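Enquirer: First residue of the sequence shown? That's 1 in full-length UniProt numbering, and the numbers climb one at a time after it.
We put the CB at the ideal spot given by N, CA and C, even for glycine.
Treat the numbers as computed from the prediction; the structure is a model and nothing was measured.
Input: one structure, supplied below.
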Amino acid sequence: MVIEYMGDILRAEVAMGKELQYKAKNRPAYMFRIDSERVIDATRSGSPARYINHSCSPNCVAEVVTFERGHKIIISAARRIDRGEELCYDYKLTPVADQSKIPCHCGAANCRKWIN
Ligand SMILES: C[S@@+](CC[C@H](N)C(=O)[O-])C[C@H]1O[C@@H](n2cnc3c(N)ncnc32)[C@H](O)[C@@H]1O
C-alpha cells in the first residue's frame, strides 16, 4: 500500500450538491466515487492522496477494499516506483460529452487524450 484516499463518505446525491457548492465558491472538488451510491469527499478533510494525478500508464492502482464496517480506497504500487517519481493512477472515469471532457496531459505513449 502507498496511501489511503481518505475523506468524508457521502451519499452520491449529497456529493453532487457539495460539488456544486465548491464550484460556486471557486474551490476545487476532490472526490472519489466508491460505487453508484457513495463518494469520498476529500475536499475538506482528505489525505494527500487527493493530489495524485491521472495517468494512462500509471505506476499505482486505486482499489475499493470492502471491510466489515465499510469501504476504503487503497492506492498501491502497480510496479516498482523510483525515488522522486510522481505517483499516478488511472482514474477510470466514465466518458462524458464533449463540452465536459478534460484533456489528458499524462504524456504516456498510450495516452487516451482525455481523462474522462
Ligand atoms: C484529484 S485532482 C488531482 C490534483 C490536481 N492536479 C491538483 O493540483 O489539485 C484531479 C484534477 O487534476 C487534473 N488532472 C489530473 N490528472 C490529469 C492529467 N493527466 N491531465 C490533465 N489534468 C489532470 C484535472 O483537472 C483533474 O480534474
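Hey, how far is the Cα of C88 from the Cα of E13?
Expert: Residue 88 sits at position 88 when you count from the first residue of the sequence shown. Residue 13 sits at position 13 when you count from the first residue of the sequence shown. Distance between the alpha carbons of C88 and E13: 28 Å.
Enquirer: Taking C-alpha atoms, which residue in A109, R80, I115 and D82 lies nearest to A97?
Expert: Taking the first residue of the sequence shown as position 1, residue 97 is located at position 97. Selected option, being the one with the closest Cα: I115.
Enquirer: May I ask you to check if the CB of I115 is nearer than 6 Å to at least one heavy atom of ligand 1?
Expert: Taking the sequence shown and counting its residues from 1, one reaches residue 115 at position 115. Under cutoff, so the answer is yes.
Enquirer: Could you tell me if D41 is buried or exposed, where buried requires 16 or more neighbouring beta carbons within 10 angstroms of its beta carbon?
Expert: Here residue 41 refers to the residue found at position 41 of the sequence shown. By the neighbour-count rule (16 or more Cβ atoms within 10 Å), D41 is buried.
Enquirer: Tell me the DSSP secondary structure of residue 118 in three-state form.
Expert: Residue 118 is absent from the model: the chain starts at 1 and stops at 116.
Enquirer: With DSSP run on the structure shown, which of helix, strand or coil describes G70?
Expert: Position 70 of the sequence shown, counting from 1, holds the residue named residue 70. Residue state, collapsed to three classes: strand.
Enquirer: Indicate, with yes or no, if ligand 1 has a heavy atom lying under 6 Å from the CB of Y51.
Expert: Sequence index remark: in the sequence shown, residue 51 carries index 51 (1-based). Answer for Y51: yes, Cβ within range of ligand 1.
Enquirer: Going by other Cβ atoms of all chains shown within 10 Å of its Cβ, with 16 needed for buried, is H54 buried or exposed?
Expert: One-based indexing of the sequence shown puts residue 54 at position 54. Buried.
Enquirer: Pull the bridge partners of residue 128 from the DSSP assignment, please.
Expert: Coverage of the chain is limited to positions 1 through 116, which leaves residue 128 absent and any answer about it impossible.
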